[in-house]
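Each residue of the sequence shown is one higher than the last, beginning at 1 in UniProt numbering.
Here a beta-carbon is modelled for each residue, glycine too, at the ideal position from N, C-alpha and C.
Remember, predicted model here, so these are calculated numbers, not experimental data.
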Amino acid sequence: RLVNERFGEKLPLMANMVEGGKTPLLSGPELQEIGYSLVIFPGGYVRAITKLGQRYFESLKSHETTVPFLEEMLDFEQLQDLLGTHQLLSQAKEYE
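In structure tokens, the structure reads:
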């Protein structure tokens, strides 16, 4: 809040939210309410994906198969749809 009071009217303010950092985690609307115009969560994705990866490998080690973890995963077609593989292959045919 001190930064906001000092610079808020002169400059756009950006909040850098770091899970486990010194700054309390606030939501976008909460930060906007106190004068911030941009909020970033730069490490959140890495932390989430790492935890999911740990759970995946623990399950694989324990069960020696991915079957118990399937609901946490995209199947092959879902991944292809997300990546747009079919569309990219179709576009590539134009250059054959």
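Could you work out which residue in the options is closest to residue i when comparing CA atoms only?
| i | options | result |
| --- | --- | --- |
| Leu25 | Gly44, Val3, Ala48, Glu71 | Gly44 |
| Gly21 | Leu13, Pro68, Phe41, Asp81 | Phe41 |
| Lys51 | Asp81, Glu72, Val67 | Glu72 |
In whole angstroms, what separates the C-alpha of residue i from that of residue j?
| i | j | result |
| --- | --- | --- |
| Glu30 | Asn16 | 13 Å |
| Leu11 | Ile49 | 34 Å |
| Leu89 | Glu96 | 11 Å |
| Ser27 | Val18 | 12 Å |
Indicate the three-state DSSP secondary structure (helix, strand or coil) for residue i in the structure shown.
| i | result |
| --- | --- |
| Leu74 | coil |
| Ile49 | helix |
| Leu31 | helix |
| Val18 | coil |
(request) Check whether the segment 48-62 touches the segment 29-38, taking contact to mean three or more Cβ pairs, one atom from each stretch, closer than 8 Å. (result) The segment 48-62 is not in contact with the segment 29-38.
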